[in-house]
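Colleague:
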Amino acid sequence: MSVVSPAAIVPPTSRVAVRQSSLRRWLRTNGPYLLMSAPAVALLFVFAYLPMFGIIIAFKEYRFDQGIFGSRWIGFTNFRFLFGSDIAWRITRNTVVMNFLFIVAGTIANITVALLLYELQGKLRAKLYQSAMFLPYFISWVVVGYFVFAFLSLEQGIANKVLVSLGLEPVAWYREPKYWPAILVFVHLWKSVGYGSILYLAVMLSINQELFEAARVDGANKLQQIRYITLPHLVPVVIVLVLFAISGIFRSDFGLFFNVTRNQAALYPTTDVIDTFVYRALRQLNDLGMSAAAGVYQSVVGFVMVVTVNWAIRRIDPDKALF
Amino acid sequence: MGKRRGPSKYRLMRLLSSAAINLALGTIAAVCLIPFWVVIAASFSSERALVESGYSLVPRGFNTLAYRYLLVDSAQVLRSYGVSVTVTLVGTALGLFVMALLAYAISRRTFKLRRALAFYVFFTMLFSGGLVPSYILITQYLRLRDTLWVLFVPHLVIPGWVLILRTYFLDLPEELLEAARIDGCGEWRMFFQIVVPLSTPGLATIGLFAMLMFWNDWFTPLLYIEDQRFYPIQYLLYTIVNNMDFLDRLSQQAGIRVEPPRIPARMAMVVLAIGPILLAYPFVQRYFIQGIRVGSLKG
Numbered sequence: 003m004s005v006v007s008p009a010a011i012v013p014p015t016s017r018v019a020v021r022q023s024s025l026r027r028w029l030r031t032n033g034p035y036l037l038m039s040a041p042a043v044a045l046l047f048v049f050a051y052l053p054m055f056g057i058i059i060a061f062k063e064y065r066f067d068q069g070i071f072g073s074r075w076i077g078f079t080n081f082r083f084l085f086g087s088d089i090a091w092r093i094t095r096n097t098v099v100m101n102f103l104f105i106v107a108g109t110i111a112n113i114t115v116a117l118l119l120y121e122l123q124g125k126l127r128a129k130l131y132q133s134a135m136f137l138p139y140f141i142s143w144v145v146v147g148y149f150v151f152a153f154l155s156l157e158q159g160i161a162n163k164v165l166v167s168l169g170l171e172p173v174a175w176y177r178e179p180k181y182w183p184a185i186l187v188f189v190h191l192w193k194s195v196g197y198g199s200i201l202y203l204a205v206m207l208s209i210n211q212e213l214f215e216a217a218r219v220d221g222a223n224k225l226q227q228i229r230y231i232t233l234p235h236l237v238p239v240v241i242v243l244v245l246f247a248i249s250g251i252f253r254s255d256f257g258l259f260f261n262v263t264r265n266q267a268a269l270y271p272t273t274d275v276i277d278t279f280v281y282r283a284l285r286q287l288n289d290l291g292m293s294a295a296a297g298v299y300q301s302v303v304g305f306v307m308v309v310t311v312n313w314a315i316r317r318i319d320p321d322k323a324l325f
Numbered sequence: 351m352g353k354r355r356g357p358s359k360y361r362l363m364r365l366l367s368s369a370a371i372n373l374a375l376g377t378i379a380a381v382c383l384i385p386f387w388v389v390i391a392a393s394f395s396s397e398r399a400l401v402e403s404g405y406s407l408v409p410r411g412f413n414t415l416a417y418r419y420l421l422v423d424s425a426q427v428l429r430s431y432g433v434s435v436t437v438t439l440v441g442t443a444l445g446l447f448v449m450a451l452l453a454y455a456i457s458r459r460t461f462k463l464r465r466a467l468a469f470y471v472f473f474t475m476l477f478s479g480g481l482v483p484s485y486i487l488i489t490q491y492l493r494l495r496d497t498l499w500v501l502f503v504p505h506l507v508i509p510g511w512v513l514i515l516r517t518y519f520l521d522l523p524e525e526l527l528e529a530a531r532i533d534g535c536g537e538w539r540m541f542f543q544i545v546v547p548l549s550t551p552g553l554a555t556i557g558l559f560a561m562l563m564f565w566n567d568w569f570t571p572l573l574y575i576e577d578q579r580f581y582p583i584q585y586l587l588y589t590i591v592n593n594m595d596f597l598d599r600l601s602q603q604a605g606i607r608v609e610p611p612r613i614p615a616r617m618a619m620v621v622l623a624i625g626p627i628l629l630a631y632p633f634v635q636r637y638f639i640q641g642i643r644v645g646s647l648k649g
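Here the protein sequences come in this chain order: Y and X. Residue numbering for the first sequence is 3 to 325, as defined by the working numbering. Residue numbering for the second sequence is 351 to 649, as defined by the working numbering.
(1) Am I right that Lys-193 (chain Y) and Tyr-139 (chain Y) are in contact with their C-beta atoms under 8 Å? What's the rounded C-beta distance?
(2) In whole angstroms, what is the alpha-carbon distance linking Tyr-574 (chain X) and Leu-526 (chain X)?
(3) Three Cβ pairs or more, each shorter than 8 Å: is that satisfied between the region 129-147 of chain Y and the region 627-641 of chain X?
(4) Where Phe-461 (chain X) and Glu-215 (chain Y) are concerned, what is the direct C-alpha to C-alpha distance, given to the nearest angstrom?
(5) Curious, which full-length alpha helix (DSSP H) runs of at least 4 residues does the region 78-107 of chain Y contain?
(6) Taking the straight line between their C-alpha atoms, what separation do you get for Val-309 (chain Y) and Leu-487 (chain X)?
(7) Which same chain residues end up closer than 8 Å to Val-150 (chain Y) when comparing Cβ atoms and leaving out the 5 residues on each side of it in sequence?
(8) With a cut-off of 8 Å, do at least 3 Cβ pairs link the region 296-305 of chain Y to the region 200-216 of chain Y?
(9) How big is the Cα-Cα spacing for Leu-616 (chain X) and Tyr-419 (chain X)?
(10) Taking Cβ-Cβ distances shorter than 9 Å, what residues in chain C pair up with Met-100 (chain Y)?
(11) Using the three-state DSSP reduction, which class does Lys-193 (chain Y) fall into: helix, strand or coil?
(12) Looking at Ser-430 (chain X): is its Cβ nearer than 7 Å to the Cβ of Pro-547 (chain X)?
(13) Starting from Thr-340 (chain X), find everything on chain Y with Cβ-Cβ shorter than 7 Å and list it in chain order.
(14) Hey, how far is the Cα of Asn-101 (chain Y) from the Cα of Phe-252 (chain Y)?
(15) Using a Cβ-Cβ distance under 7 Å, would Met-38 (chain Y) count as near chain X?
(16) For Gln-635 (chain X), does the count of other Cβ atoms within 10 angstroms reach 16, so buried, or fall short, so exposed?
(17) Name the chain X residues whose beta carbon is nearer than 7 Å to that of Phe-66 (chain Y)?
(18) I need the boundaries of the alpha helix (DSSP H) containing Lys-180 (chain Y), first residue and last residue.
(19) Can you find a C-beta in chain X that's less than 7 Å from the C-beta of Val-12 (chain Y)?
(20) Can you check whether the C-beta of Thr-310 (chain Y) is within less than 7 Å of a C-beta belonging to chain X?
(21) Give the secondary structure of Ser-16 (chain Y) by DSSP, where H, G and I count as helix, E and B as strand, and everything else as coil.
(22) Run through chain X and tell me which residues come within less than 7 Å of Gln-300 (chain Y), C-beta to C-beta.
(23) In chain X, what lies closer than 9 Å to Glu-157 (chain Y) by C-beta?
(24) Starting from Lys-322 (chain Y), follow its DSSP beta bridges and name the residues at the other end.
(25) Rounded to a whole number of angstroms, what is the C-alpha to C-alpha distance between Asn-592 (chain X) and Pro-172 (chain Y)?
(26) Taking 7 Å as the threshold (beta carbon to beta carbon), is Thr-474 (chain X) in contact with chain Y?
(27) Just to confirm, are Ala-455 (chain X) and Ser-39 (chain Y) a CB contact at a threshold of 7 Å?
(28) Quick check on this structure: which residue in Y:Gln-227, Y:Val-275 and Y:Leu-236 has the alpha carbon closest to the alpha carbon of Ser-208 (chain Y)?
(29) Give the interface partners of Phe-140 (chain Y) over in chain X, defined as CB-CB distance under 7 Å, in chain order.
(30) Report yes or no: is there a C-beta of chain Y within less than 7 Å of the C-beta of Arg-643 (chain X)?
(31) Would you mind working out which of X:Ala-379, X:Leu-515, X:Gly-404 and X:Ser-403 sits nearest Val-471 (chain X), comparing C-alpha positions?
(32) At 3 residues or longer, what runs of the beta strand (DSSP E) sit wholly inside the region 193-277 of chain Y?
(33) Between Arg-82 (chain Y) and Ile-248 (chain Y), what straight-line distance do the alpha-carbon atoms span, to the nearest angstrom?
(34) Quick one: Cα of Ile-544 (chain X) to Cα of Thr-438 (chain X), how far?
(35) In this structure, does DSSP put Arg-74 (chain Y) in helix, strand or coil?
(36) Name the residue from Y:Trp-91, Y:Leu-233, Y:Tyr-270 and Y:Arg-285 whose alpha carbon lies nearest to the alpha carbon of Thr-326 (chain Y).
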């Protein structure tokens with residue numbers, strides 16, 4: 003990492019400058035800041051910007067022994083293979099559909115929990131409930147994978163014990179793709195509702211209390227207060243959060259789809275998303291070209307989504323726009 | 351709330367709605383906690399009870415064999431703990447340092463490049479080269495595979511956190527910094543002696559998020575670590591999901607011939623991996639809540 007920063011030529015303070023050039027003057031005010039920025043700027047350059055140039059790998063027949071520059075240029079061949087197979091459609095559909103379900107279910111659940119917590123505000127119980135719901139946010143997807151397995155394991159799982167005790171047939175959960183959209187939505191909610199409700203609760207707490215007071219005087223009940231005061235105050239936040247979530251609809255939470263499903267091939271019809279395919283093509287199928295092509299597809303479409311969504315937010319509320 | 355006295359029908363309604371709210375939240379909270387309890391109970395159960403009657407809310411055949419097996423008979427668990435602790439502490443300290451320096455620089459109004467650099471940071475959140483280019487860069491060009499470095503160096507700078515830290519620094523009283531500058535305080539001294547002490551809540555919040563990220567990272571070792579000496583605890587946990595024999599291999603290395611308690615040992619590994627988080631949770635929770643509010647409102 004030998005990035006030469008201009009800050010390296012800051013004049014020593016002891017030096018008596020007869021006449022400072024404009025560059026020197028510029029460096030005297032900006033030099034310390036440049037030096038401070040240098041380590042993080044260099045790290046971002048290496049680990050974020052260099053890989054961006056690495057996108058050309060997707061247009062090459064990459065061979066480890068020949069490197070990026072030595073490998074043969076093959077144009078769009080990798081992309082033709084990717085989009086010529088059923089894989090591209092499957093991973094795109096699963097990514098978008100699952101993210102869509104997460105956004106809808108997540109928004110409803112987060113707002114509902116926030117509304118419930120708001121009613122108990124200030125009470126110790128509210129803090130305890132919130133602590134319990136926030137805890138899953140803190141554990142890794144590997145651990146969540148174990149948790150889910152304790153429930154869904156064919157022979158030892160709690161779910162099948164319950165089914166059997168009700169006189170029903172046990173289910174081989176890890177072989178039945180049809181159940182997994184629902185399971186993944188549930189697990190997603192389980193891990194994120196404590197986190198997701200925090201922001202909505204913060205917005206509710208910032209609503210002017212006099213509005214509720216006035217509504218009570220006018221005879222509005224709790225549900226009416228929620229309908230006509232609380233929810234309208236949430237609308238701007240909901241719009242912005244949902245739009246941002248939509249901008250990320252092409253990216254998925256790799257850990258959720260990889261660990262919770264135990265990477266079971268039988269489940270791929272409903273659980274294989276772009277990120278899991280990119281990983282699998284790279285590390286398990288040794289098809290680096292397909293992996294790179296799918297990665298570029300994701301990055302480019304994702305970028306277009308972000309820019310579009312930002313444009314939309316800018317039209318609705320310029321203050322909330324990202325750029 | 352209870353001061354209000356109304357008709358009894360009204361009070362009954364209040365009581366009912368309060369009961370419904372508590373029931374709903376209590377159920378959700380219980381659903382969030384039960385998996386933790388099931389795994390803890392299983393880690394203290396006997397292998398035979400688990401195989402025969404499955405997971406449950408009470409430990410069956412209570413014993414601590416699994417923990418003894420992991421902590422005494424196998425050197426790997428302690429080794430992995432060491433890797434995780436080292437990576438978490440070094441990664442957090444270094445990351446916080448370089449992120450705070452950059453965030454401070456781009457929060458200063460006198461810094462000419464602050465807009466350009468803020469965009470330089472921000473753009474990495476919009477667009478990425480993807481997995482394959484990073485993988486090739488790290489394995490073929492930087493040659494970081496199977497090193498301790500790869501576990502934290504690529505994650506030292508998280509762009510979103512730099513931008514959040516900047517908002518903390520933007521809130522510092524400008525007059526104070528100006529006064530210090532007039533008194534001849536240099537930028538570095540200002541950073542360490544004025545800015546850092548005044549921003550401890552913000553730094554603590556980002557530091558805790560960073561610790562959580564490093565502690566829970568299993569993806570980086572999945573890609574770049576094959577050498578068992580560098581397995582962090584989360585990756586060890588991942589390995590024994592898929593590799594039934596890994597536990598047995600560990601015990602053979604340690605020269606043990608008894609049959610390992612396979613399921614309880616796995617569950618005990620889970621408990622060991624989340625243990626530090628559970629212990630710290632009551633004390634750090636509020637920093638995370640605050641960080642989420644600041645991050646989403648300002649960042």
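Virtual Cβ for every residue (Gly too), placed ideally from N, Cα, C. Here the structure is a predicted model, which means the values were calculated and not measured.
Modeller: On the basis of the data shown:
(1) 6 Å
(2) Rounded to the nearest angstrom, the two C-alpha atoms are 47 Å apart.
(3) Short answer: they touch.
(4) 48 Å
(5) 79-86
(6) 27 Å
(7) Ile-185, Val-189 and Val-262
(8) no
(9) Going by the sequence as given, residue 616 (chain X) is Arg instead of Leu. C-alpha separation (whole angstroms): 11 Å.
(10) Structure shown: chain C not included; protein chains present are Y and X.
(11) Correct three-state label for Lys-193 (chain Y): helix.
(12) no
(13) No answer is possible for residue 340 (chain X): it lies beyond the span of chain X, which begins at 351 and ends at 649.
(14) 8 Å
(15) yes
(16) buried
(17) Gln-490
(18) DSSP places Lys-180 (chain Y) outside any alpha helix (DSSP H), giving it a letter other than H or E.
(19) Annotation note: pLDDT 48 at Val-12 (chain Y) (below 50); position unreliable, no value reported.
(20) Thr-310 (chain Y) has a beta carbon lying at 7 Å or more from every beta carbon in chain X.
(21) Because the pLDDT at Ser-16 (chain Y) is just 45, under 50, the model does not fix this residue reliably, and the value given afterwards should be weighed accordingly. Note: Ser-16 (chain Y) maps to coil in three-state DSSP.
(22) Simply Gly-480.
(23) Val-401 and Gly-404
(24) Bridge partners of Lys-322 (chain Y): none, in fact.
(25) 23 Å
(26) yes
(27) yes
(28) Y:Leu-236
(29) Leu-562, Ile-627 and Tyr-631
(30) yes
(31) X:Leu-515
(32) none
(33) 27 Å
(34) 27 Å
(35) Three-state DSSP puts Arg-74 (chain Y) in a strand.
(36) Outside the modelled stretch of chain Y, which goes from 3 to 325, sits residue 326 (chain Y), for which no answer is possible.
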